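Student: Residue numbers (my numbering): 12 to 229. All residues carry an ideal CB built from backbone N, CA and C; glycine is no exception. All of these numbers come straight from a predicted model, not from anything done at the bench. So that we are looking at the same thing, I have put the structure below in structure tokens.
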């Protein structure tokens, strides 16, 4: 059975309940996942807040390098992830691999952008006076990802959050959590600084289940 990812650990739901993921083409049960609750969401947010203290202080260059390394790792596991996406969502393998391509392309873009976000000077009404604008991480982000393009849209949310020094809680669609879970597991293995640095536990969390039972994420 697949597990949620909270605080860098694979965990079940506080409710101990699960539900089945079925192949839409055959009706076959592909796997089962935890039915997350509001309590699980709170736990994930707490983990993300703790990780934020570390990740927000990581240099922009290192954040970009980690995302670049994550892209290489995703490529290495592309076949496995594509098969999961096809099984749970119904895309052809060609389309599933195309999604992974878009995911990697998006993460590579934000990997390059991470060190290029800079502050600026703003002229003030007073003669010779200027204001200094500093861009800083804001905290924990929430990503609610739909079923139709789960990996492509994961990249559009995960990439900018991590590149900017934020942490994140991901809620995949109830019918398509498996490829997302595996992708995040792979991202958690990414490193920077020649393997000396890694993503802090809790920087990316995944809570599975039906959204109607997880209103706390909103």
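#1: Is residue 193 helix, strand or coil when you go by DSSP?
#2: Answer yes or no: do residue 125 and residue 174 have a C-beta to C-beta separation smaller than 7 Å?
#3: Sort 190, 222, 202, 123 by Cα distance to residue 89 and report the nearest one.
#4: Taking only the alpha-carbon atoms, compute the straight-line gap between residue 152 and residue 95 and give it to the nearest angstrom.
#5: Suppose you measure from the CA of residue 169 to the CA of residue 110; what does that come to, to the nearest Å?
#6: Can you find the residues in the same chain that come closer than 6 Å, C-beta to C-beta, to residue 171, ignoring five residues on each side of it along the sequence?
#7: With H, G and I counted as helix, E and B as strand and the rest as coil, what does DSSP make of residue 163?
#8: For residue 3, count neighbouring C-beta atoms within 10 Å of its own C-beta (all shown protein chains included) and say buried if the count is 16 or more, exposed if not.
#9: Going by DSSP in three states, residue 212 sits in which element: helix, strand or coil?
#10: Considering residue 18, what are the terminal residues of the beta strand (DSSP E) in which it resides?
#11: I need the straight-line Cα distance from residue 100 to residue 156, nearest angstrom please.
#12: Whose C-alpha, out of 51, 137, 131, is nearest the C-alpha of residue 222?
Tutor: Looking at the atomic coordinates:
#1: helix
#2: yes
#3: 190
#4: Within the model, the alpha-carbon separation for residue 152 versus residue 95 is close to 26 Å.
#5: 15 Å
#6: 121
#7: helix
#8: Here the chain comprises residues numbered 12 to 229, so residue 3 is not present and cannot be evaluated.
#9: coil
#10: Where residue 18 is concerned, there is no enclosing beta strand (DSSP E), given that its DSSP letter is neither H nor E.
#11: 13 Å
#12: Looking at 51, 137, 131, the one whose alpha-carbon comes closest to that of residue 222 is 51.
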